[in-house]
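Following the numbering used here, the numbering of the sequence shown begins with 308 at its first residue and continues without gaps.
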Amino acid sequence: MNNPKQSHGAHGTADTATDHVRIFDTSLRDGEQAPGFSMNRHAKLRMAHALEALGVDVLEAGFPQASPDDLAAVTEIAGALRETTVCALARCQDGDIDSAARALEPARHARIHLFLSTSPLHREHKLRMGKAQVLDTAVRAIERARQYCQEVEFSAEDALRTEPDFLVEVFSAAVEAGASTLNAPDTVGYTTPEEISGLFRHLRQHVVGAERVTFSSHCHDDLGMAVANSLAAVGAGARQVECTINGIGERAGNAALEEVVMALKVRAPYFGVSLGIRTPQLYPASRLLCELTGQAVPRNKAIVGSNAFAHESGIHQHGMLKHRGTYEIMRPQDVGIAATTLVLGKHSGRAALRQRLQALGYTPDDQDLDAMFARFKQMADAVGEVDDDGLRVLAREAHFQPGAQVMGVLA
Ligand code: KIV
Ligand code: ZN
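Take a look at the structure:
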């Protein structure tokens with residue numbers, strides 16, 4: 308583990324004054340704790356390697372106090388990763404902090420992540436603590452964690468339903484106690500982009516020592532706004548985003564990493580921030596997570612769904628064949644998908660049919676293509692998607708002579 312006596316922050320300075328946004332992946336903690344997404348330590352280790360290949364800045368590997376297997380998973384990951392900061396979650400309790408520190412011992416770059424609820428609802432019903440006790444508990448825990456680890460992140464659970472001035476008080480005390488990252492989670496997915504933006508501006512303006520720390524967002528998707536809220540937080544100065552591959556996580560999930568990353572990349576001039584993510588590793592990481600958890604993503608999932616770079620309607624296919632920018636705002640290769648697919652179905656037109664036949668080595672003239680087109684539509688009505696074998700059947704029926712196969716123009 309790194310030397311607790313060094314200065315705050317992974318690089319010795321806080322990121323709030325820079326334009327670099329750290330990506331903090333919590334697929335193996337917040338994601339993994341959701342029903343249906345549990346992974347054993349072998350699966351977690353495979354996923355951790357994929358996340359390091361992707362270039363995430365921080366990887367939350369688990370909650371060591373939760374189970375012996377989770378502690379072992381964090382230790383294995385801590386020993387295996389070279390570049391990525393490995394993080395372990397802990398409640399503000401001595402036993403949790405000690406387990407997190409033990410699990411992180413082999414790490415080259417380590418972080419302990421402490422959390423404590425700050426909202427009135429949680430203080431009264433979950434913690435049964437007053438404000439002063441919350442403040443004191445947080446400070447003591449941060450000080451203990453700092454004895455083990457240079458990097459300590461403090462999360463004010465349910466921050467978005469906490470009185471802003473109390474949040475400022477807690478965060479100011481957290482900085483004083485030695486936290487280098489302050490995370491304001493929207494634990495229940497309740498906030499809106501405008502609201503979270505206002506909160507981050509308020510925090511950056513009023514927290515004592517704000518210039519020395521990194522502010523972080525952690526949004527859940529209960530109202531379908533996790534990604535939009537994370538991006539709004541970045542716009543208001545957050546320089547760490549906590550997110551998960553495929554958006555897995557508690558209830559409706561966390562902000563989807565691939566969506567946050569590609570929004571920040573595709574709209575780079577708008578957001579004006581930089582990232583360390585190797586985006587062609589997004590799709591492989593998404594696929595691996597599906598394989599390890601047995602949970603597929605919907606076809607229409609942004610970035611990694613099978614429809615994300617597929618077009619069936621004739622109008623869209625025609626546009627794509629003229630210029631890919633007509634209906635795609637990023638290249639499939641940028642996210643690790645081999646090529647755009649023009650799916651042939653009942654909505655497709657002649658242009659896509661001709662292009663696919665050419666890719667298979669057939670070069671029908673207009674008259675032949677017209678004759679085949681009616682048969683193609685019948686087949687599409689019957690089977691939905693006409694694949695290459697179906698096209699070969701149609702081509703044989705129409706007595707087309709195959710030539711050499713050529714690469715599709717969008718491949
Ligand atoms: O959603 C949440 O508040 C959390 C914390 C533990 C950061 O996951
Ligand atoms: Zn969470």
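A virtual CB, placed ideally from N, CA and C, is assigned to each residue, including glycine. Predicted, not measured: the structure shown is a model, and the values here were computed from it.
For this session: Verify the contact flag: P500, CB atom, against every heavy atom of the ligand KIV, threshold strictly below 7 Å.
Result: Counting from 1 along the sequence shown, the entry for residue 500 is found at position 193. Checking every heavy atom of the ligand KIV against the Cβ of P500, none is found closer than 7 Å.
Problem set entry | L396 beta carbon near the ligand KIV (any heavy atom closer than 7 Å) | As a working note, residue 396 is residue 89 in the sequence shown. Yes, the Cβ of L396 comes within 7 Å of a heavy atom of the ligand KIV.
Exercise. What did DSSP end up calling H527 once you bin it into helix, strand or coil?
Worked result: Locating residue 527 in the sequence shown gives position 220, counting from the first residue. In this structure, H527 counts as strand in the three-state DSSP scheme.
Exercise. What did DSSP end up calling M714 once you bin it into helix, strand or coil?
Worked result: Position 407 of the sequence shown, counted from the start, is the residue given in the question as residue 714. Residue placement at M714 is flagged as unreliable, the pLDDT there being 48, under the threshold of 50; the coordinate-derived value follows with that caveat. In the structure shown, M714 sits in coil (DSSP, three-state: anything other than H, G, I, E or B).
For this session: Taking only the alpha-carbon atoms, compute the straight-line gap between Y669 and F707 and give it to the nearest angstrom.
Result: Locating residue 669 in the sequence shown gives position 362, where the first residue counts as 1. Locating residue 707 in the sequence shown gives position 400, where the first residue counts as 1. Distance between the alpha carbons of Y669 and F707 is about 7 Å.
Problem set entry | Secondary structure of A615, DSSP reduced to three states | The count along the sequence shown starts at 1 and reaches residue 615 at position 308. Coil at A615, not helix or strand.
For this session: May I ask you to list the residues that DSSP assigns as paired with A417?
Result: Translated into positions along the sequence shown, residue 417 becomes position 110. BP columns for A417 point to V393.
Exercise. Under the three-state reduction of DSSP, which class applies to T551: helix, strand or coil?
Worked result: As a position in the sequence shown, residue 551 is number 244, starting the count at 1. Under the three-state reduction of DSSP output, T551 falls in the strand class.
For this session: Return the residue from the list C597, S487, E464, V459 that minimises the CA-CA distance to E553.
Result: Residue 553 sits at position 246 when you count from the first residue of the sequence shown. Looking at the sequence provided, one finds Asn at residue 553 rather than Glu. The option with the nearest alpha carbon to N553 is C597.
For this session: Run the proximity test for T494: is its beta-carbon closer than 7 Å to any non-hydrogen atom belonging to the ligand KIV?
Result: On the sequence shown, position 187 is the one that residue 494 refers to. Because some heavy atom of the ligand KIV lies under 7 Å away, the Cβ of T494 counts as near it: yes.
Problem set entry | Stretch-stretch touch, CB-based, cutoff 8 Å, three pairs: the segment 363-377 with the segment 626-635 | no
For this session: With DSSP as the reference, label G319 as helix, strand or coil.
Result: Working through the sequence shown from its first residue, we reach residue 319 at position 12. The predicted model places G319 with a pLDDT of 36, which falls under 50 and marks its position as unreliable; any figure quoted below should be read in that light. Reduced to three states, the DSSP call for G319 is coil.
Problem set entry | Assumed close pair S504, G542 - CB separation to whole angstroms, cut-off 8 Å | Here residue 504 corresponds to residue number 197 of the sequence shown, with the count starting at 1. Here residue 542 corresponds to residue number 235 of the sequence shown, with the count starting at 1. Yes, they are in contact, since the Cβ atoms of S504 and G542 sit about 6 Å apart, within 8 Å.
Exercise. Roughly how many whole angstroms lie between the Cα atoms of R657 and P587?
Worked result: On the sequence shown, residue 657 is found 350 positions in, with the first residue counted as 1. On the sequence shown, residue 587 is found 280 positions in, with the first residue counted as 1. Going from the Cα of R657 to the Cα of P587 covers about 32 Å.
Exercise. Helix, strand or coil: how does DSSP classify T382 here?
Worked result: Within the sequence shown, residue 382 is the residue found at index 75, counting from 1. Reduced to three states, the DSSP call for T382 is helix.
Exercise. Under 8 Å, do V650 and A609 count as touching if we go by C-beta distance?
Worked result: By 1-based counting over the sequence shown, the position of residue 650 is 343. By 1-based counting over the sequence shown, the position of residue 609 is 302. Not a contact, by the Cβ cut-off of 8 Å.
Exercise. So, using beta-carbon positions, are D528 and G560 closer together than 8 Å?
Worked result: Translated into the one-based positions of the sequence shown, residue 528 becomes position 221. Translated into the one-based positions of the sequence shown, residue 560 becomes position 253. Yes. Within cutoff.
For this session: Look at the Cβ atom of T425, then the Cβ atom of E460, and state whether they are nearer than 8 Å.
Result: Residue numbering aside, residue 425 sits at position 118 when the sequence shown is read from its first letter. Residue numbering aside, residue 460 sits at position 153 when the sequence shown is read from its first letter. Against a cut-off of 8 Å, the Cβ pair of E460 and T425 comes out as no contact.
Exercise. Taking the C-alpha atoms as reference points, what is the distance between D677 and R663?
Worked result: Taking the first residue of the sequence shown as position 1, residue 677 is located at position 370. Taking the first residue of the sequence shown as position 1, residue 663 is located at position 356. The straight-line gap from Cα to Cα measures roughly 15 Å.
Exercise. Tell me which same chain residues have a C-beta within less than 6 Å of the C-beta of A702, skipping the five on either side of it?
Worked result: Against the sequence shown, residue 702 aligns to sequence position 395. Cβ within range, chain order: Y669.
For this session: Taking V520 and A563 to be in contact with their CB atoms under 8 Å, please state how far apart those CB atoms are, rounded to whole angstroms.
Result: As a working note, residue 520 is residue 213 in the sequence shown. As a working note, residue 563 is residue 256 in the sequence shown. 26 Å between Cβ atoms; not a contact.
Exercise. Using CA coordinates, which residue listed in P471, R447, L510 is at the minimum distance from G485?
Worked result: By one-based count along the sequence shown, residue 485 stands at place 178. Ranking the options by Cα distance to G485, first place goes to R447.
Problem set entry | Three-state secondary structure (DSSP) of H251 | The structure shown does not extend to residue 251, since the chain is modelled only from 308 through 718, so no value can be given for it.
Exercise. Is H625 helix, strand or coil by DSSP?
Worked result: Counting from 1 along the sequence shown, the entry for residue 625 is found at position 318. Reduced to three states, the DSSP call for H625 is helix.
Problem set entry | Start and end residues, alpha helix (DSSP H) containing F578 | Start at 1 with the first residue of the sequence shown, and residue 578 comes out as number 271. Per DSSP, F578 belongs to the alpha helix (DSSP H) from 575-578.
Problem set entry | For G369: DSSP bridge partner residues | Mapped onto the sequence shown, residue 369 falls at position 62. A395.
For this session: Helix, strand or coil for R585, going by three-state DSSP, please let me know.
Result: Taking the sequence shown and counting its residues from 1, one reaches residue 585 at position 278. In this structure, R585 counts as coil in the three-state DSSP scheme.
Exercise. So, is P671 buried or exposed, given that buried needs 16 or more other C-beta atoms within 10 angstroms?
Worked result: Residue mapping note: residue 671 aligns to position 364 of the sequence shown, counting from 1. That one is buried.
Problem set entry | Which residues DSSP lists as bridging I330, in chain order | Numbered from 1 along the sequence shown, position 23 holds the residue referred to as residue 330. BP columns for I330 point to V548.
For this session: Would you kindly work out how many angstroms separate the C-alpha atoms of S593 and G362, rounded to a whole number?
Result: By one-based count along the sequence shown, residue 593 stands at place 286. By one-based count along the sequence shown, residue 362 stands at place 55. Distance between the alpha carbons of S593 and G362 is about 14 Å.
Exercise. Beta-carbon separation of D337 and T469 under 8 Å?
Worked result: Within the sequence shown, the letter at position 30 stands for residue 337. Within the sequence shown, the letter at position 162 stands for residue 469. Their beta carbons are not under 8 Å apart, which means D337 does not touch T469 by this criterion.
Exercise. Just to confirm, are Q547 and V328 a CB contact at a threshold of 8 Å?
Worked result: Here residue 547 refers to the residue found at position 240 when the sequence shown is read from its first residue. Here residue 328 refers to the residue found at position 21 when the sequence shown is read from its first residue. Yes, these two residues count as a Cβ contact at 8 Å.
For this session: State yes or no: is the C-beta of A539 within less than 8 Å of the C-beta of P576?
Result: As a first step, residue 539 must be located in the sequence shown, where it is residue number 232. As a first step, residue 576 must be located in the sequence shown, where it is residue number 269. Their beta carbons are not under 8 Å apart, which means A539 does not touch P576 by this criterion.
Exercise. So D677 is in the alpha helix (DSSP H); what residue range does that whole segment cover?
Worked result: Here residue 677 refers to the residue found at position 370 of the sequence shown. Segment 673-690, the alpha helix (DSSP H) holding D677.
For this session: Kindly indicate the opening and closing residues of the beta strand (DSSP E) around P492.
Result: Position 185 of the sequence shown holds residue 492. Run containing P492: 488-493, per the beta strand (DSSP E) assignment.
Exercise. CB of N536 to nearest heavy atom of the ligand KIV: below 7 Å?
Worked result: For this step, residue 536 is matched to residue 229 along the sequence shown. Outside the cutoff, so no.
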